[in-house]
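These notes are about the structure you will find just below.
Protein chains in written order, with my numbering: chain A, 1 to 276; chain B, 1001 to 1212; chain C, 2001 to 2232.
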């Protein structure tokens, strides 16, 4: 067998083993427990301490490719905001975010059947041009969002009475899987208009946002990836899809560590062999 | 009929899922077909939402409901049409005007915002009293934060050759960057596995009904 | 006029934006307000231009029968179908040009645009990115090899973070006494993320910001003008 076909076979073995390692815990859950990290607690604190009836923004700056990570976060945070009686403006800096928002609201509304559109929550839809749209909302929310998605005029939506600019928003929560997203909200909403910003992001982009969690309070906590989503579910006492999936996540992580170990042993042997 | 259509939809989703997964074996016609369909759907999706959520309320409805009051919107509309003239080689130069406005505005915004958020605020956040922390580990952490940031920035300073003693902070900077890249790899593993879990959940739950 | 006037436009827009940040009063606040609203509308047209460009490119490939032209045809058909359905009957949230299409909805179970979103776009998008899990696993096996001090640092950190971000990480070090809780894997992982990682990411952020500020200044002052394209 040539080295090339050997390597191809190795690849397929890795793929199959990973596939099985992820599938098995989904079928046979292990019920592993997770521990809450500081940054998740900070995000929870912000929502928890925001007064009743405050108007907040949930910005769905994501698309379906990252829904496994971001949708559980969105649902948990929305559930938390609704349970604190906050009024939620949904919007999106990504076009696909509008559908993501709909999915999250449809799921959470089953737990809050009394919440009414226009009074407790509203969907302002997709806004093009990211940072410019946020900056324009600093001057006038109505100018950027003349109507909601149903075509109702901004001035005729009951919960938006008194919400003139982004300064009137209690906090912004960006569910972000790239640009535009959390970074743009921090730059404008937090650093320019002093509106607190929190959010959830994919694990792959989370490390880049950690410098914003600092003494300047540019970012009030951050949920990074599925683990943080499961931590949030634990904090609000609502077991959701993230907690269920964490077993598969943990198994896959251990498997990848095993791959690293085997790869290193193989490389060590090859090095030793070539020296001889 | 709805039942049939929802079953058809489910099988469509399964077909597309396996078509993409088939790339793991090797590049093949099914994958290529799905890839192009994805590009087409994606582009149309973007366009439809831009039309309904931006062009309609912010331009078309405003102009049709109160033309005189919003007559100034004809300027960005004209600039927008000038942008579209880029598709014809002879009229391409018209698009330079709207592009210049977009680039100039973006440059102005970036200059101001990056100075505030990514430069000044980050520098301020590094100028902390390391001993102000409550625990020993946090005090050590604060020192690492200050040293790591300074050495990291020093590493990116390319205007002078770094050798001898001046290479020491640069070396330290590389170590911090390596730690960060390692951490990022850990997080990347987490992200990618999560996405796979999502797809397997779809197959096992919605399609095969193996899990509830 | 074809080159210099756009440069003047860019200069004025850039200066107005910068000035309005320092002087948030009339006339600058009104100017920036107007400019931002115009910007959003122009971006709408820019998105349209992008899609027209994609359309043209696919048509060209089909007309010239380039290798695999039938795939581009499939892409083009899916583009047209999604666009037409979206514009005619709208989306879950928006009314289309023909209204909400209640009869079609009763037949399909949802609007045609949403039907395609749920059953084609969503699985395609999610599966496309989930492929990367397999390649990350393969890369971990092949490329994550101990070679030098720097690669050791990278690998040790990755291992701690990968383990620390799982439920197993907590279980493995649950025996560690409270006084040594720093060495508990989830805590150690959080420490790495909060301090050394943040330091390096902040260094990258500061350095990138300096670069962005510099290039923005070059654009505003008209030194950087490649975005105008060539005169040919």
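Beta carbons are placed, not taken as given, at the ideal position from N, Cα and C, and that holds for glycine.
For clarity, every value in this text was computed on a predicted model and none was experimentally measured.
Can you list, in chain order, the residues of its chain whose CB lies under 6 Å from that of residue i, leaving out five sequence neighbours each side?
i, result
"residue 2036 (chain C)", "none"
"residue 247 (chain A)", "25, 29, 30, 32"
"residue 2170 (chain C)", "2186"
"residue 2062 (chain C)", "2069, 2072, 2073"
"residue 1143 (chain B)", "1130"
"residue 21 (chain A)", "251, 252, 255"
How about residue i: is its C-beta nearer than 8 Å to some C-beta of chain B?
i, result
"residue 216 (chain A)", "yes"
"residue 41 (chain A)", "no"
"residue 2143 (chain C)", "no"
"residue 2103 (chain C)", "no"
"residue 2004 (chain C)", "no"
"residue 2178 (chain C)", "no"
"residue 2088 (chain C)", "no"
"residue 147 (chain A)", "yes"
Can you tell me whether residue i is helix, strand or coil according to DSSP?
i, result
"residue 1131 (chain B)", "helix"
"residue 2114 (chain C)", "helix"
"residue 140 (chain A)", "coil"
"residue 1166 (chain B)", "helix"
"residue 1074 (chain B)", "helix"
"residue 163 (chain A)", "coil"
"residue 37 (chain A)", "coil"
"residue 58 (chain A)", "strand"
"residue 2094 (chain C)", "coil"
"residue 1198 (chain B)", "helix"
"residue 199 (chain A)", "strand"
Closer than 8 Å, CB to CB, is residue i near chain C or not?
i, result
"residue 80 (chain A)", "no"
"residue 1030 (chain B)", "no"
"residue 1091 (chain B)", "no"
"residue 1110 (chain B)", "yes"
"residue 1179 (chain B)", "yes"
Among residues of its own chain, excluding the 5 on either side of residue i, which ones have a beta-carbon nearer than 8 Å to its beta-carbon?
i, result
"residue 1010 (chain B)", "1206, 1207"
"residue 2160 (chain C)", "2185, 2188, 2189, 2192"
"residue 1028 (chain B)", "1022"
"residue 1971 (chain C)", "Because chain C in this structure spans residues 2001 to 2232, residue 1971 (chain C) falls outside the shown range and cannot be described."
"residue 1017 (chain B)", "1199, 1202, 1203"
"residue 1093 (chain B)", "none"
"residue 2202 (chain C)", "none"
Using the beta-carbon count (16 or more within 10 Å), is residue i buried or exposed?
i, result
"residue 2066 (chain C)", "exposed"
"residue 2118 (chain C)", "buried"
"residue 119 (chain A)", "exposed"
"residue 2223 (chain C)", "exposed"
"residue 1155 (chain B)", "buried"
"residue 1127 (chain B)", "exposed"
"residue 1066 (chain B)", "exposed"
"residue 240 (chain A)", "buried"
"residue 75 (chain A)", "buried"
"residue 40 (chain A)", "buried"
"residue 2218 (chain C)", "exposed"
"residue 1064 (chain B)", "exposed"
"residue 207 (chain A)", "buried"
By Cβ distance, which residues of its chain are closer than 7 Å to residue i, with the 5 residues on each side in sequence left out?
i, result
"residue 1153 (chain B)", "none"
"residue 2225 (chain C)", "2007"
"residue 2165 (chain C)", "2189"
"residue 2112 (chain C)", "2085, 2089, 2104"
"residue 236 (chain A)", "76, 79, 80"
"residue 36 (chain A)", "231, 234, 235"
Please confirm whether residue i has its beta-carbon closer than 8 Å to some beta-carbon of chain A.
i, result
"residue 2051 (chain C)", "no"
"residue 2182 (chain C)", "no"
"residue 2044 (chain C)", "yes"
"residue 1057 (chain B)", "yes"
"residue 1146 (chain B)", "no"
"residue 1103 (chain B)", "no"
"residue 2273 (chain C)", "Beyond the ends of chain C as shown, which are 2001 and 2232, falls residue 2273 (chain C); an answer cannot be given."
"residue 1137 (chain B)", "no"
"residue 1075 (chain B)", "no"
"residue 2121 (chain C)", "yes"
"residue 2168 (chain C)", "yes"
"residue 2128 (chain C)", "yes"
List, in chain order, every chain F residue whose beta-carbon is nearer than 8 Å to that of residue i.
i, result
"residue 1045 (chain B)", "Going by chain labels, chain F is absent from the structure shown, which instead holds the protein chains A, B and C."
TODO: Would you check if the region 248 to 256 of chain A and the region 24 to 33 of chain A touch, i.e. whether three or more CB-CB distances between them fall below 8 Å?
DONE: These segments touch.
Open item on the list: Quick test of the definition: if touching needs 3 or more C-beta pairs under 8 Å, does the region 1156 to 1171 of chain B touch the region 1185 to 1194 of chain B?
Closed with: In this structure the region 1156 to 1171 of chain B does not touch the region 1185 to 1194 of chain B; the number of beta carbon pairs closer than 8 Å is below three.
Open item on the list: Would the region 168 to 175 of chain A count as touching the region 189 to 198 of chain A if we require 3 or more Cβ pairs under 8 Å?
Closed with: Yes, the region 168 to 175 of chain A is in contact with the region 189 to 198 of chain A.
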